[in-house]
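Asker:
Numbering (my numbering), first residue to last: 27 to 62.
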């Protein structure tokens, strides 16, 4: 999947990712390409 991580000032990352893991209120969660 294509991923952009941006702030109000600049782009921190722009490229391809297989998995994105993010913090949540009750633990981390992952976004995976072609998964619901």
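No residue lacks a Cβ here, since even glycine has one placed at the ideal position from N, Cα and C. As the structure is a computational prediction, the values presented were derived from the model and not from experiment.
Can you tell me whether DSSP reads residue 37 as helix, strand or coil?
Answerer: strand
Asker: Near residue 58, which residues of its chain fall below 7 Å by C-beta distance, leaving aside the five closest residues on each side in sequence?
Answerer: 45
Asker: Mind checking which residues open and close the beta strand (DSSP E) that includes residue 58?
Answerer: Residues 53 to 58.
Asker: Compare the C-alpha of residue 42 against each of 51, 36 and 31 and name the closest.
Answerer: 31
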